[in-house]
Amino acid sequence: MNRALLFLLLTFALVLPAQQDDRVATTFPFEFRSGMIFLPVRLNGSPPLSFVLDTGSARMLVDRALAKTLGLKATGHGSMQGAGSGRIPVESIENVAIGLTGLDSNGYEISTADLHPLQASLGEKVDGILGYEFFRRFVVTVDYAAKTLTITPPNAFHPDPSAQPVSIQIREKWAFVPGELVFPGAVTVQDHFLLDTGSSDAIDHPIVTKLQSSTPSQSGVGLGAPVAGATAKATSFRLGQYTVPSPTVACCGATDTTSKLIGSDVLKFFTLTIDYPNAKIWLKPNLTFPK
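Here our numbering is used: the first residue of the sequence shown is 3, the next is one more, and so on.
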């Protein structure tokens, strides 16, 4: 074989995988309702189902009755903690294939649960939840302003140079980011907050129960029984180099771990890239960011 031709073929073979990796990134629209991201998801080739994209869920979930209708057979039993108090019974289904627009991904373990209480509290159809195992495999960019989602394999991801990286800690299949709350009266709280795209709150933190300005409320609405809570107005919340003015801070989740969180009422001001494989998020304010 001609040496020049051989060189070209070898060069092409080396370059081609990178080009294919770049092409497998997929972007598609989502619906933003009730402070949550809804996506069309197929399970084992099913018709599109209504799933919530939720970094606050350590599990992948599908409604139990729907799973039976789809012929998905459970192989194990257990329980999980919901947003409210009490444990929720679940069953596990092995080796499920997930399909989204431009993406097919296999080998997931999905838990079944009765999602009707969540649907009732939201007034929205919720067939399932994409949680930790999905984020563990991909880099996920949520453009809240454009209402588009981009899913990229980690080896094909190139961050937007204008976005700010913030390191995250993965604990118990949840991502935590550092932040700072400031309240009237020079009360400042520096802490790590659960990144929760499945919460419609702005910020949650138990400090509000100690503030005289707090107002009683109900928290943990959704999966699990509601718990008594409170809300208060903060002066500001700082995430990375960005400061969001006057967020409402609520309390509390069902456990100490989930009682400190950042929800969509703050995250919606950004294009947010969630990069579990590299333990980072990337923040870029959109046009709705408060001035």
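The beta carbon of each residue, even a glycine, is placed where N, CA and C say it ideally should be.
- prompt: Quick one: Cα of Ile131 to Cα of Phe159, how far?
  reply: 24 Å
query: What does Pro218 pair with, by DSSP beta-bridge criteria?
result: Ala232
message: By DSSP's criteria, Asp206 is part of a beta bridge. Which residues make up the other side?
response: Ala252, Leu263
query: Which runs of the beta strand (DSSP E), 3 residues or longer, sit entirely within the stretch 85 to 140?
result: 89 to 102, 105 to 115, 130 to 132
message: On the DSSP letters alone, give me the boundaries of the alpha helix (DSSP H) that Ala69 sits inside.
response: 66 to 71
- prompt: For Leu289, does the count of other Cβ atoms within 10 angstroms reach 16, so buried, or fall short, so exposed?
  reply: exposed
- request: Report the residue from Phe30, Asp56, Leu41 whose alpha carbon sits nearest the alpha carbon of Ser266.
  value: Asp56
- prompt: Using a Cβ-Cβ cut-off of 6 Å (strictly less than) and excluding sequence neighbours within five positions of Pro208, which residues of its own chain qualify?
  reply: Cys253, Cys254, Ser261
field: Cut-off 7 Å between Cβ atoms - residues of its own chain near Ala2, not counting five sequence neighbours on either side
entry: Here the chain covers residues 3 to 293 and nothing more, so residue 2 does not appear.
field: Spatially closest choice to Gly231 from Lys175, Ile170, Thr217, by CA coordinates
entry: Thr217
Close-in-space but distant-in-sequence residues of the same chain around Ser164 (CB under 7 Å, 5 per side omitted): Lys286
field: Nearest to Ala148 (by Cα), restricted to the options Trp284, Val26, Phe271, Pro279
entry: Phe271
field: Simplified DSSP assignment, three categories, for Tyr244
entry: strand
task: Could you tell me whether the Cβ atoms of Phe136 and Thr154 are closer together than 8 Å?
output: no
task: Identify whether Leu289 lies in helix, strand or coil by the three-state DSSP scheme.
output: coil
task: Over the uninterrupted beta strand (DSSP E) stretch that includes Met38, give me the two end residues.
output: 38 to 45
message: Once DSSP output is grouped into helix, strand and coil, what is the label at Ala177?
response: strand
- request: Specify the secondary structure class of Leu269 as computed by DSSP and reduced to three states.
  value: helix
query: Quick one, which of Phe239, Leu74, Leu51 has its alpha-carbon nearest Leu263's?
result: Phe239
Alpha-carbon spacing of Thr103 relative to Thr28, whole angstroms: 7 Å
Asp23 (DSSP reduced to helix, strand or coil): Confidence is the limiting factor: at Asp23 the pLDDT is only 36, short of 50, which leaves the residue's position unreliable, though a coordinate-based value still follows. Asp23 falls in the helix class under three-state DSSP.
- prompt: How big is the Cα-Cα spacing for Ser123 and Ala67?
  reply: 18 Å
- prompt: Expressed to the nearest angstrom, what Euclidean distance is found between the alpha-carbon atoms of Gly109 and Pro156?
  reply: 18 Å
message: Going by the DSSP bridge assignment, what does Lys282 pair with across the sheet?
response: Ser169, Asp277
- prompt: Does the Cβ of Ser201 have 16 or more other Cβ atoms within 10 Å, making it buried, or fewer, making it exposed?
  reply: buried
- prompt: By a C-beta neighbour count over all protein chains shown, 10 Å radius and 16 as the cutoff for buried, is Asp277 buried or exposed?
  reply: buried
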